[in-house]
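In the working numbering, the protein residues as written are 568 to 772.
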């Protein structure tokens, strides 16, 4: 056992917390010690929330957003414009765009972007299901709202090639988002303007 840990149980807990993204061992130690100071009921509620989330959370059968039901709240809201679909990388991006209150269409969550370096190809993403949604009809515009990175641009181009035969409008968010930036880190005003001022996408990267 590492000498800095007085308990194997503490060390194991810190090790698990430090596996979370953005959590180093010092932060993990603070979190674990904080939980140790709480009463049993609070810690059990914390653990149960995580366990219940993992066991019971669903993914919307239409857009793949996280949901408590088969259709997420956005897809099942009649006031949303189902003819305009915003394609995003992950659920955090849905939350970021929703926070701008500038978009009133629906979403399609890819679950990542094409990244050969990370072993992620088109078949690992929800691209085929996007094509099926377009084939079913009723969609007039696809907004490509992926991060302005090389991987994001590659994914944009791949989707453009897959959807161009259908003759629908394809647009890309305006580059108020700096090149190389990830969508979730953009401020709400910039992101909102990028959605509102989107431009046609013709396959050029």
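Virtual Cβ for every residue (Gly too), placed ideally from N, Cα, C.
Note that the coordinates shown come from a computational prediction; the quantities given were computed from them, not determined experimentally.
For residue i, three-class secondary structure by DSSP
i, result
"residue 656", "coil"
"residue 685", "helix"
"residue 739", "strand"
"residue 587", "coil"
"residue 697", "helix"
"residue 680", "coil"
"residue 641", "coil"
"residue 574", "coil"
"residue 692", "coil"
"residue 731", "helix"
"residue 713", "coil"
Proximity to residue i [Cα-Cα], best of the options
i, options, result
"residue 627", "619, 696 and 604", "696"
"residue 638", "674, 655, 612 and 689", "674"
"residue 701", "733, 692, 655 and 612", "733"
"residue 624", "630, 636 and 657", "636"
"residue 668", "647, 591 and 629", "647"
"residue 692", "679, 657 and 709", "679"
"residue 632", "725, 676 and 716", "676"
"residue 654", "599, 583, 610 and 670", "670"
"residue 600", "663, 579, 685 and 622", "579"
"residue 643", "717, 711 and 672", "672"
"residue 658", "649, 650, 607 and 630", "630"
"residue 711", "687, 699, 656 and 650", "656"
Cβ separation of residue i and residue j, assumed to be a contact under 8 Å, to the nearest whole Å
i, j, result
"residue 735", "residue 706", "6 Å"
"residue 723", "residue 739", "6 Å"
"residue 683", "residue 725", "That pair is no contact at about 12 Å."
Which residues DSSP lists as bridging residue i, in chain order
i, result
"residue 626", "633"
"residue 673", "652"
"residue 708", "651 and 736"
"residue 767", "738"
CA-to-CA distance, residue j to residue i, given in whole angstroms
i, j, result
"residue 615", "residue 585", "20 Å"
"residue 594", "residue 587", "10 Å"
"residue 768", "residue 661", "21 Å"
"residue 730", "residue 603", "53 Å"
"residue 665", "residue 571", "44 Å"
"residue 577", "residue 589", "20 Å"
"residue 605", "residue 573", "19 Å"
"residue 714", "residue 704", "27 Å"
"residue 610", "residue 617", "11 Å"
"residue 619", "residue 640", "19 Å"
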